[in-house]
Amino acid sequence: MSIKRILPFLALLLSLAACGFTMRGTTPLPFDTLYVGVPDNTQFGAELRRALRAASPTTRLVTDSGEADARLQQVQRTQTRREVSLDPNGRVEEYELGVYYIFRLTDKAGEPLIPDIILSATQDMPYSDDIVQAKQGEMTLLYRSLEESLIGRLINRLTAPDVKAAAQAAREAQD
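Numbering (the numbering used here), first residue to last: -11 to 163.
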């Protein structure tokens, strides 16, 4: 390989390193132990726990809320389906599917670390009365996809700097 081919590649690598670029790795949660108050026998609960373990391998998920440094409680969960458009005969042509969650993050003493976390996601879905079973299956998949996107957003929120600062302040207040 000639030096003319290697030189631009080397310049690109050096410029990326100079600007502080690093590959995204795990972003640990600011807690040693975490209680997740979401039913683990649900698809959402299982996916949330899996994502938390992947995002923060050093944080231990506990089943007893008394053992946890922090508690993540699901306060509200709502799935919606709203008619967006109708055909000339008054039949639904399109639905808007929505998923809404509210979570509360508290410390060991039960005091809120941050204000409630409100997450929502919506997506439009074309609909036809001719293929009801297929559309029901599609609706289930879309709800699952919306929930998966909310899991990623929730983990991003839990690893934010203000959560880390609040967790540190709560830890210092207990000591």
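We treat Cβ as the ideally placed atom computed from N, Cα and C, and that holds for glycine.
Please read these numbers as outputs of a predicted model, since none were measured by experiment.
With distances taken between CB atoms, is the gap from alanine 154 to leucine 107 smaller than 8 Å? On the sequence shown, position 166 is the one that residue 154 refers to. On the sequence shown, position 119 is the one that residue 107 refers to. No, they are not a contact pair.
Cross-strand partners of isoleucine 105 (DSSP beta bridge): The count along the sequence shown starts at 1 and reaches residue 105 at position 117. Beta-bridge pairing links isoleucine 105 to Phe91.
What separation, rounded to the nearest whole angstrom, lies between the Cα atoms of valine 87 and leucine 130? One-based indexing of the sequence shown puts residue 87 at position 99. One-based indexing of the sequence shown puts residue 130 at position 142. C-alpha separation (whole angstroms): 10 Å.
Quickly, what does DSSP pair methionine 113 with across the bridge? List them, please. Taking the first residue of the sequence shown as 1, we reach residue 113 at position 125. Note: methionine 113 sits in a beta bridge opposite Tyr83.
Could you name the residues of the same chain whose beta carbon sits closer than 7 Å to that of threonine 110, not counting the 5 residues immediately before and after it, in chain order? Numbered from 1 along the sequence shown, position 122 holds the residue referred to as residue 110. Within the same chain, threonine 110 has close Cβ partners Glu84, Leu85 and Gly86.
Cα-Cα separation, alanine 43 to lysine 123: Taking the sequence shown and counting its residues from 1, the one referred to as residue 43 is at position 55. Taking the sequence shown and counting its residues from 1, the one referred to as residue 123 is at position 135. In a straight line, the C-alpha of alanine 43 is about 34 Å away from that of lysine 123.
Taking only three categories from DSSP, how would you classify glycine 25? Here the question's residue 25 lines up with position 37 in the sequence shown. Strand, per DSSP.
Give the range of the beta strand (DSSP E) segment to which serine 137 is assigned. As a working mapping, residue 137 is identified with position 149 in the sequence shown. Here serine 137 belongs to no beta strand (DSSP E); instead the alpha helix (DSSP H) covers 120 to 146.
Sub-8 Å separation of alanine 56 and valine 50 beta-carbons: By 1-based counting over the sequence shown, the position of residue 56 is 68. By 1-based counting over the sequence shown, the position of residue 50 is 62. Yes, these two residues count as a Cβ contact at 8 Å.
Along the chain, where does the alpha helix (DSSP H) containing leucine 49 start, and where does it finish? Translated into the one-based positions of the sequence shown, residue 49 becomes position 61. Note, leucine 49: premise wrong, no alpha helix (DSSP H); beta strand (DSSP E) at 48 to 50.
Is it buried or exposed, isoleucine -9, if we count other Cβ atoms within 10 angstroms and call 16 or more buried? Looking up residue -9 in the sequence shown gives position 3. Under this definition isoleucine -9 is an exposed residue.
Out of Asp118, Phe19, Leu2 and Arg(-7), which one is the CA nearest neighbour of glutamate 160? For the purposes of this step, residue 160 is taken as residue 172 along the sequence shown, with counting starting at 1. Out of Asp118, Phe19, Leu2 and Arg(-7), Phe19 has the C-alpha closest to the C-alpha of glutamate 160.
Cβ-based burial, isoleucine 139 [other Cβ within 10 Å; buried from 16]: Locating residue 139 in the sequence shown gives position 151, where the first residue counts as 1. Buried: at least 16 other Cβ atoms inside 10 Å.
What do you get for phenylalanine -3, buried or exposed, if any count of 16 or more other CB atoms within 10 angstroms of its CB means buried? The residue labelled residue -3 in the question sits at position 9 within the sequence shown. Classification of phenylalanine -3: exposed, given that the 10 Å Cβ count is below 16.
Please report how far the alpha carbon of arginine 145 lies from the alpha carbon of valine 63, in whole angstroms. As a working mapping, residue 145 is identified with position 157 in the sequence shown. As a working mapping, residue 63 is identified with position 75 in the sequence shown. In a straight line, the C-alpha of arginine 145 is about 16 Å away from that of valine 63.
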